[in-house]
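Residues 37 to 227 in the numbering used here are what the sequence shown spells out, letter by letter.
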Amino acid sequence: MRVGLFFGSFNPVHMGHMVLANYMLEFTDLERIWFVVTPHNPHKKKTSLLDERQRLHMVNLAIGDNDRLAASDIEFKLPQPSYTVDTLAYLQDKYPQHEFALMMGEDNLKSLPKWKNYEVILKNHHIYVYPRPGVNSEALRNHDKITFTDAPFVEVSSTQIRKAVKAKKDMRYFMPLSAWNYLMEMHFYEQ
């Protein structure tokens with residue numbers, strides 16, 4: 037089975053994430069999408085993150101009963117900060133029956149050469165790239181393991197949602213409703 041790995045802090049998960057996952061399932065050869073909730077992105081301040089279990093729970097709420105999507109806590113068990121190459125090696129060892137591919141925005145593809153052991157990632161895994169306005173990653177455009185998609189761009193961000201919640205704005209249509217309701221019930225991001 038070809039599994040697409042959608043890495044992110046999902047702080048919080050929003051409709052843009054869900055639209056991308058849905059698109060990749062319907063318009064590529066990916067059979068499943070795993071939302072890999074990262075406990076700590078090495079490029080972000082850890083203090084800005086909601087507790088990892090709460091973020092994982094919101095992703096599960098967002099997914100609902102779609103059995104082609106799954107929330108993964110695999111990086112919670114790995115040394116932190118976690119690096120994609122290490123997570124991929126762990127997953128391949130644990131699930132040898134699956135072929136793992138990455139999903140990433142063109143902005144991340146552009147920075148891929150700065151990632152730990154990025155050559156190993158490119159050698160062993162396919163990468164499905166979704167567009168980002170104003171980003172051009174010509175350097176890797178013709179690589180045989182990289183597929184550019186026409187996934188729609190949904191202009192919403194977790195940062196935008198957190199700021200709006202803090203300002204007491206109603207953002208219910210920016211997130212799957214079950215995740216939004218939980219966020220409100222728990223008073224996340226209000227401080």
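For each residue, glycine too, the CB sits at the ideal point set by N, CA and C.
### Query
Based on Cα-Cα distance, which residue from H134, E221 and D103 lies nearest to V201?
Comparing Cα positions, the closest option is E221.
### CB of A215 within 8 Å of CB of L56, strictly
No. Outside cutoff.
### Query
By DSSP, does T120 sit in helix, in strand, or in coil?
In this structure, DSSP gives T120 a helical state, which the three-state scheme calls helix.
### Query
Under the DSSP definition of a beta bridge, which residues are partnered with W70?
Answer is L41 and A106.
### Task
For N172, count neighbouring C-beta atoms within 10 Å of its own C-beta (all shown protein chains included) and say buried if the count is 16 or more, exposed if not.
Exposed, because fewer than 16 other Cβ atoms sit within 10 Å of the Cβ of N172.
### Query
Three or more beta-carbon pairs under 8 Å between the region 156-167 and the region 131-139, yes or no?
For the pair of segments examined, the region 156-167 was found to touch the region 131-139: the number of CB pairs separated by less than 8 Å reaches three.
### Query
Are the beta-carbon atoms belonging to P169 and F184 less than 8 Å from one another?
No, they are not a contact pair.
### Message
Looking only at its chain, what residues have a beta carbon closer than 7 Å to the beta carbon of L127, apart from the 5 residues adjacent to it on each side?
### Response
For L127, where only same-chain residues beyond five positions count, the Cβ hits under 7 Å are I110 and F136.
### Message
Does M207 come out as helix, strand or coil in the three-state DSSP assignment?
### Response
Under the three-state reduction of DSSP, M207 is assigned to coil, being neither helix nor strand.
### Three-way DSSP call (helix, strand, coil) for Y166 in this model
In this structure, DSSP gives Y166 an extended state, which the three-state scheme calls strand.
### Query
Can you tell me the Cα-Cα spacing of M207 and S194, whole angstroms?
Cα to Cα, M207 sits roughly 11 Å from S194.
#### Entry: Bridge-paired residues (DSSP) for A137
According to DSSP, A137 bridges with G40.
### Message
Is the separation between the beta-carbon of E62 and that of R38 shorter than 8 Å?
### Response
Note that the C-beta distance between E62 and R38 is not below 8 Å.
### Query
Which whole-angstrom value describes the C-beta separation of F112 and V95, a residue pair presumed to lie in contact below a C-beta threshold of 8 Å?
A Cβ-Cβ distance of about 13 Å is found for the pair F112 and V95, leaving them out of contact under the 8 Å criterion.
#### Entry: For T195, the first and last residue of its enclosing alpha helix (DSSP H)
Secondary structure note for T195: its alpha helix (DSSP H) is the uninterrupted segment S194 to K202.
### Message
Here's a check: name, in chain order, each residue in its chain whose Cβ is nearer than 6 Å to the Cβ of L92, leaving out the five neighbours to either side.
### Response
These residues qualify, in order along the chain: V73, A107 and D109.
### Message
What does DSSP give as the partner residue(s) for I99 in the beta ladder?
### Response
None; I99 has no bridge partner.
### Query
Between P115, M140, Q116 and E88, which lies nearest to F43 when the distance is taken from Cα to Cα?
The shortest C-alpha separation from F43 is found at M140.
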